[in-house]
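Protein sequences, first through last, are from chains Y and G.
The working numbering numbers the first residue of the first sequence as 21 and each following residue consecutively.
The working numbering numbers the first residue of the second sequence as 65 and each following residue consecutively.
Here a beta-carbon is modelled for each residue, glycine too, at the ideal position from N, C-alpha and C.
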Amino acid sequence: MDAEVFKIIMPGVTIVLGSIFPAFAIGWMGSRAMEAIGRNPEAAGKLQTILILVVAFAEAIAIYSLVVALILKFV
Amino acid sequence: MSDIHISLAAENIFHLGPFPINNSLIVGVIGSILTFFLFYITARMVKLHPANRFSQAIEAISEAILDLIEQVTQNREKAIRFFPFIMTLFVFILLNNWLGLLPGFGSITINTAEGTVPLFRGANADLNTTLALAIISVVMTHVYAVQQLGLFQHLSKYFSLNPIMLFVGLLEIVSEFSKMISFSFRLFGNIFAGEVLLVVISYLMPLAAPLPFFGLELFVGLVQALVFAMLTLVFLQIATSEHGEHDPKKKEQPSKPDHLVKKTDIDIDKTVEVV
């Protein structure tokens with residue numbers, strides 16, 4: 021394989037590898053939050069803010085790989 | 065796909081002396097002027113019984129954000145002191161995120177010396193803007209911490225004669241820089257990826273397909289503004305709390321009654337005024 025092929029493949033590989041783990045993380049957080057709300061429905065308001073914040077943390081990791089992929093693609 | 069023109073960096077429009085003026089800077093200036101006048105006008109319209117829907121809406125949003133800040137700080141006075149900074153960050157980022165979705169962004173082009181470039185580009189779709197916001201956020205955290213704790217006690221979080229604490233302080237210093245990087249790349253990545261998404265979808269199917277994605281981008285813009293403001297607030301809260309004050313029991317004991325007293329005070333004042 022020559023460099024051109026790599027240049028086409030790598031952005032895809034980057035975003036695939038970079039989004040697997042954040043996806044697991046967000047799914048896991050969501051499921052645990054559902055459990056917590058099911059056990060204690062009054063805490064839903066407090067949980068929601070924290071959940072959005074923590075999901076944004078996990079999502080940021082996917083966004084980093086997206087930025088790297090975009091740099092590979094367009095620069 | 066060769067028709068799609070996407071540039072990672074903002075394009076220069078013209079030069080003002082030695083400084084290049086790029087398309088994101090133009091929108092950023094518009095955004096900050098809008099932020100300023102939004103609150104300037106609202107502040108002049110504040111009354112006990114506001115007849116104006118607009119000022120009522122802004123007041124309601126401000127109240128909601130203040131309550132959110134109070135939830136984090138557990139202290140009304142501290143919340144009121146943090147409020148101007150957090151609210152300004154939130155509104156500036158929100159307005160700039162949503163400005164970038166207006167029609168004309170990316171589609172109106174102008175001919176410059178470097179070729180045909182878009183005249184407008186969302187301010188947060190340029191890494192310089194988000195990096196500036198991140199630096200402001202981190203530096204202001206330290207300014208508030210020095211105000212609250214004093215210079216010496218604040219510095220003692222980072223420098224110490226105890227070797228273990230010295231190493232922890234070193235990690236803290238590194239984490240300040242990683243904070244800046246994660247703040248700036250999170251916002252830039254979200255907004256720039258949103259723009260690329262909209263461009264690609266518009267290219268594939270221009271008629272109705274981009275509409276749900278515009279809705280998504282509105283939501284992402286709101287969430288990212290909220291996340292930026294909330295994270296700044298959490299870091300502020302951590303930086304302005306005392307050194308060993310990490311167990312919640314110790315913190316809640318003094319602040320709870322104080323905050324309750326403050327609330328009743330305000331309520332009494334209000335009822336007196338209304339009567």
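- For Val36/Y, not one C-beta of chain G is nearer than 7 angstroms to its own C-beta.
- Contact check for Ile129/G against Thr106/G fails: the beta carbons are separated by 7 angstroms or more.
- When Cβ-Cβ separations below 7 angstroms define contact, Phe26/Y makes no contact with chain G.
- Counting only runs of at least 3 residues, the segment 84-142 of chain G fully encloses no beta strand (DSSP E) element at all.
- With a cutoff of 7 angstroms on beta-carbon distance, Leu165/G and Glu281/G are scored as near each other.
- In chain order, Ala209, Val210 place their CB closer than 6 angstroms to the CB of His218/G, counting only its own chain and leaving out the 5 sequence neighbours on each side.
- Assigned with DSSP and collapsed to three states, His69/G falls in coil, not helix or strand.
- Against chain Y, a Cβ distance below 9 angstroms from Ala257/G picks out Ile83, Leu86, Val87, Leu90.
- Secondary-structure assignment with DSSP links His79/G through a beta bridge to Pro84/G.
- Annotation for Pro274/G: the continuous alpha helix (DSSP H) segment containing it runs 274-304.
- Per DSSP, Asn226/G has no beta-bridge partner at all.
- When C-beta atoms of the segment 139-158 of chain G are compared with those of the segment 65-84 of chain Y, fewer than three pairs fall below 8 angstroms, so the two segments do not count as touching.
- A direct Cα-Cα distance of roughly 30 angstroms separates Pro61/Y from Glu141/G.
- Here the segment 260-278 of chain G makes no contact with the segment 109-118 of chain G; the two share fewer than three CB pairs at distances below 8 angstroms.
- Within the same chain, Thr205, Ala209 come within 6 angstroms of Ala303/G by CB-CB distance, once the 5 residues on both sides are set aside.
- Taking 9 angstroms as the Cβ-Cβ cut-off, the segment 271-291 of chain G approaches chain Y at Val287, Gln288, Leu290, Val291, given in chain order.
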